[in-house]
Amino acid sequence: MVMRSPQSMSQMFYVVCVWVFPSRSGRPVSFMVVFNTPSPLSKISWVNRLHLAKVAQREENTPGWFCAEDEGKTMAPFWPLLTCRVLVFATKSSDRKLEAALHNPVQCALLGFSAASTSLPQGYLWVASGGDATQGQVEIFSLNRPTPRPVKSLQVGAPVRCLEYVPEPSTPEEMEAVALRSPTGVGNTICLGLDDGSILVYGSVDTAAQCLLTLCNPQRCPVLCLKHSINFLFAGLRDGTMMVYGRSNGGKVFPRSPPVCQEDSHQISIQNDRIVESSHY
């Protein structure tokens with residue numbers, strides 16, 4: 085046993101776990117264990133890991149196959165787990181289908197311990213629809229509670245084909261330059277690639293998603309994929325053209341006249357930070 089002074093005890097944060105086991109007589113016997121954690125963040129992290137361990141024991145997270153060579157091996161630490169199912173569209177529609185999903189990391193200091201009972205990361209989930217519809221739809225879900233809940237719905241003029249998260253400038257020089265050009269600051273943004281050839285740039289401040297800028301390619305060719313790298317945004321079009329956008333000096337996120345890279349008779353897609361070419365179907 086380690087004794088602590090009253091001053092240090094006041095700075096500790098506790099995690100209380102209770103286990104209930106049946107005794108030999110059949111009556112439930114409970115055990116309570118108290119863990120000391122040095123900070124609120126470590127407390128939340130500890131409880132989240134405990135919650136993940138409980139999620140991993142569910143039937144849907146048990147693999148339906150078994151290999152002899154896997155006997156005795158432990159599961160990989162980052163094995164994907166199914167935590168919940170989310171209903172995106174309230175009504176079924178044959179002309180709508182899920183096209184893309186993106187996590188928008190937003191830290192909320194007001195959550196406190198309420199976020200400790202969920203294994204989901206803080207922030208928001210953007211889910212876009214495509215298909216044969218004439219318009220697109222984006223549903224925004226809050227991940228700051230034990231179960232995701234819808235907080236906002238966006239209607240756009242064409243089906244959405246892809247989403248990309250563009251973080252704010254990271255270096256002090258870039259942040260100072262952006263702050264001088266724009267009093268409100270640009271911050272993190274979400275880019276939507278549409279079927280009509282346009283790219284919509286939305287601010288990602290909580291649920292106040294406002295369209296900051298609209299980019300259009302001259303051919304109005306559908307935008308199949310988007311990828312951000314440092315200060316550039318790469319857009320792969322259906323005709324094999326790749327548009328390269330860069331941050332401008334006027335306070336806006338991207339200029340309207342980017343350089344163009346043409347790949348004849350090939351489609352361009354971006355997978356795992358790599359540009360992949362594929363022939364037309």
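Numbering-wise (the working numbering), the sequence shown opens with residue 85 and increments by one.
For every residue, glycine included, the Cβ atom is placed at its ideal position computed from N, Cα and C.
Residue 137 and residue 305 have their C-alpha atoms roughly 46 Å apart. With a cutoff of 8 Å on beta-carbon distance, residue 211 and residue 222 are scored as near each other. Ranking 286, 167, 108 by CA distance to the CA of residue 133 puts 167 first. Contact annotation: residue 316 and residue 326 have beta-carbon atoms that are not nearer than 8 Å. Around the Cβ of residue 226, a 10 Å sphere holds 16 or more other Cβ atoms; the residue is buried. With a beta-carbon spacing of about 6 Å, residue 244 and residue 214 fall inside the 8 Å limit used to define contacts. In terms of Cα proximity to residue 125, the closest of 153, 142, 143, 206 is 206.
Between residue 172 and the set 331, 183, 164, 293, the nearest pair of CA atoms involves 183. Ranked by Cα distance from residue 180, the first of 119, 156, 242, 120 is 242. In the three-state reduction of the DSSP assignment, residue 223 falls in the strand class, which pools E and B. In the DSSP assignment, residue 281 forms no beta bridge with any residue. If you look at residue 157, you'll find it isn't in any beta strand (DSSP E); DSSP assigns it neither H nor E. Secondary structure of residue 210 (DSSP, three-state): strand.
Cβ-Cβ distances below 6 Å link residue 237 to 223 in the same chain, with the five nearest sequence neighbours on each side left out; the list follows chain order. In the structure shown, residue 230 falls within a coil segment according to DSSP collapsed to helix, strand and coil.
When DSSP states are grouped into helix, strand and coil, residue 252 belongs to the coil group. Under DSSP, residue 112 forms a beta bridge with 106. Put simply, the backbone Cα of residue 299 is about 11 Å away from that of residue 280. The C-alpha of residue 246 lies about 37 Å from the C-alpha of residue 154. The Cβ atoms of residue 272 and residue 288 lie closer than 8 Å to each other.
A straight-line Cα-Cα distance of about 11 Å links residue 131 and residue 121. Per DSSP, residue 170 lies in no alpha helix (DSSP H) and is assigned neither H nor E.
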